[in-house]
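Novice:
Residue numbers (the numbering used here), protein chains in the order written: chain A, 1 to 251; chain B, 1001 to 1095.
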């Protein structure tokens, strides 16, 4: 199936939320404390709601009797357009918090700008999501600092998570022709323009958390083009199992 | 490695239309900020326009049930201490 540029762009935004939401549900009942369990579930729910909004809009744009469920459960990994960072495994709590922080900082910047989009539907989804991602950032930055500036072991774990995930951060500011052209029409946000604001947040967060910014700059990209790490396939196999075993049912 | 202490916090919430903060429950958190965030998740579902107070349980001094007599009884026998002799005009609600 070929998607229009606007549909593809909408899917990219939705897929990142959907895949990250799926990852966060993996923590359910396994978080370090009851309160964290609750908060992670809450963030997962917010992200799933955002994913539904984007996917429903993408389905609407595409027509052809598509709906959000068919998009979530009927596409394989080559048709998923999420950022590589979102599909990375939960790892330990430090890995999850670092992944969350890097993406939350990006989401806050993205949705602040996207809420000014000339596409009223995208603007409305972003405006609603903005309130939620601000809360997510507060939570993840809180934990970034608590763990980074915690004890020796927690700082070490946070630093190692940062070193591990940093190579996926460049993709957030990588623009392809599709995004540049939509940005010129005032619909999309040009990812390159978000880097300064994101760095301002993240560098100050890392400083406060006494962590060292990695110098390595060989960024991994490809998620938006459907070229994923080896982690997405198994994630989708688990997520889509029932729908593929019993397709087209009402639940 | 010493584990972080998670003390008990009591949570008071004033809803959007509410007049005063009401005690709604308690939770464990490492500090006031985390207690606020957790209270928001657990007790308000992040409803806009409500106010949350959290206070460490150890900060609260409660009256003792066994001192009930000394604390509350004398007032009952002195009816002049209660404004019960006024008639309330018609049309006054919620008294």
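We put the beta carbon where it would ideally sit given N, CA and C, even for glycine.
Predicted model only: the values in this text are computed from it and were never measured.
Please look up how many angstroms separate the CB atoms of residue 158 (chain A) and residue 147 (chain A), rounded, as I've assumed it's under 8 Å.
Specialist: Their Cβ separation, rounded to whole angstroms, is 5 Å, which keeps residue 158 (chain A) and residue 147 (chain A) in contact under 8 Å.
Novice: Classify residue 141 (chain A) as buried or exposed, calling it buried when 16 or more other Cβ atoms lie within 10 Å of its own Cβ.
Specialist: Answer is buried; the Cβ neighbour count reaches 16.
Novice: Is the segment 178-188 of chain A close to the segment 83-90 of chain A, with three or more CB pairs under 8 Å?
Specialist: Counting Cβ pairs under 8 Å, fewer than three are found: no touch.
Novice: For residue 216 (chain A) and residue 14 (chain A), I'd like the C-alpha separation in whole angstroms.
Specialist: Near 29 Å, if we compare the C-alpha coordinates of residue 14 (chain A) and residue 216 (chain A).
Novice: State yes or no: is the C-beta of residue 105 (chain A) within less than 7 Å of the C-beta of residue 198 (chain A)?
Specialist: In this structure, residue 198 (chain A) lies closer than 7 Å to residue 105 (chain A) by Cβ.
Novice: Three or more beta-carbon pairs under 8 Å between the segment 1008-1018 of chain B and the segment 1033-1045 of chain B, yes or no?
Specialist: The segment 1008-1018 of chain B, when compared against the segment 1033-1045 of chain B, does touch it at the 8 Å Cβ threshold.
Novice: If the cut is a Cβ gap below 7 Å, which residues of chain B does residue 139 (chain A) touch?
Specialist: Within chain B, the residues near residue 139 (chain A) are 1037.
Novice: Work out the CA separation of residue 233 (chain A) and residue 145 (chain A) for me, nearest whole Å.
Specialist: Between residue 145 (chain A) and residue 233 (chain A), the C-alpha separation is close to 33 Å.
Novice: Secondary structure at residue 213 (chain A), three-state DSSP: helix, strand or coil?
Specialist: Note: residue 213 (chain A) maps to coil in three-state DSSP.
Novice: Among the residues of its own chain, which have a CB less than 8 Å from the CB of residue 258 (chain A), if the five just before and after it don't count?
Specialist: As displayed, chain A neither begins before 1 nor continues past 251, which places residue 258 (chain A) out of reach and without an answer.
Novice: Hey, is residue 1041 (chain B)'s beta-carbon within less than 7 Å of any beta-carbon in chain A?
Specialist: Yes, because at least one Cβ of chain A sits closer than 7 Å to the Cβ of residue 1041 (chain B).
Novice: Starting from residue 1079 (chain B), trace the beta strand (DSSP E) in both directions and tell me its first and last residue.
Specialist: Segment: none, residue 1079 (chain B) is in no beta strand (DSSP E) and carries neither H nor E.
Novice: Can you give the Cα-Cα distance for residue 1001 (chain B) and residue 149 (chain A), rounded to whole angstroms?
Specialist: Low per-residue confidence applies at residue 1001 (chain B): pLDDT is 37, beneath 50, and the placement is therefore not dependable, though the value from the model is reported in the following sentence. So the two alpha carbons sit approximately 15 Å from each other.
Novice: Rank A:6, A:29, A:7 and A:71 by C-alpha distance to the C-alpha of residue 236 (chain A) and give the top, closest one.
Specialist: Nearest option by C-alpha distance: A:71.
Novice: Do the CB positions of residue 136 (chain A) and residue 43 (chain A) come within less than 7 Å of each other?
Specialist: Cβ atoms of residue 136 (chain A) and residue 43 (chain A): closer than 7 Å.
Novice: Could one say the Cβ of residue 8 (chain A) lies closer than 7 Å to chain B's Cβ atoms, at least one of them?
Specialist: Answer no: the Cβ-Cβ gap between residue 8 (chain A) and chain B never drops below 7 Å.
Novice: What whole-angstrom Cβ distance do residue 58 (chain A) and residue 7 (chain A) have, given they're in contact under 8 Å?
Specialist: That pair is a contact at about 5 Å.
Novice: Name the two residues that bound the continuous alpha helix (DSSP H) containing residue 131 (chain A).
Specialist: Residue 131 (chain A) -> alpha helix (DSSP H) spans 120-148.
Novice: Have a look at B:1019, B:1089 and B:1005 and flag the residue whose alpha-carbon is nearest the alpha-carbon of residue 1052 (chain B).
Specialist: Cα-wise, what sits closest to residue 1052 (chain B) is B:1019.
Novice: I'd like to know whether the C-beta of residue 253 (chain A) is nearer than 7 Å to at least one C-beta of chain B.
Specialist: No statement about residue 253 (chain A) is possible, as the shown extent of chain A runs from 1 to 251 and does not include it.
Novice: Near residue 112 (chain A), what residues of its chain come up, given a Cβ to Cβ distance below 7 Å and the 5 sequence neighbours on each side ignored?
Specialist: Hits under 7 Å: 130.
Novice: Note down the Cα distance separating residue 205 (chain A) from residue 26 (chain A), rounded to an integer number of angstroms.
Specialist: Straight-line Cα distance between these residues: approximately 26 Å.
Novice: Could you give the distance in angstroms between the alpha-carbon of residue 116 (chain A) and the alpha-carbon of residue 1056 (chain B)?
Specialist: If I take the Cα positions, the gap works out to 42 Å.
Novice: Along the chain, which unbroken stretches of the alpha helix (DSSP H) at least 4 residues long are found entirely within the segment 5-78 of chain A?
Specialist: Here the runs fully enclosed are 5-25, 34-62 and 68-74.
Novice: So is residue 53 (chain A) in contact with chain B if we call contact Cβ pairs under 7 Å?
Specialist: Taking Cβ atoms only, chain B never reaches closer than 7 Å to residue 53 (chain A), which makes this a no.
Novice: Using Cβ-Cβ distances below 8 Å, what residues of the segment 29-40 of chain A are close to chain C?
Specialist: In the structure shown, chain C cannot be found, because the protein chains are A and B.
Novice: With a CB to CB cut of under 6 Å and the five nearest residues on each side skipped, what residues in its chain are close to residue 19 (chain A)?
Specialist: Once the five neighbours on either side are set aside, the close Cβ partners of residue 19 (chain A) are 82, 86 and 87.
Novice: Which residues in the same chain have their Cβ closer than 6 Å to the Cβ of residue 224 (chain A), if we skip the five residues on either side of it in sequence?
Specialist: Result list for residue 224 (chain A): 12 and 81, in chain order.
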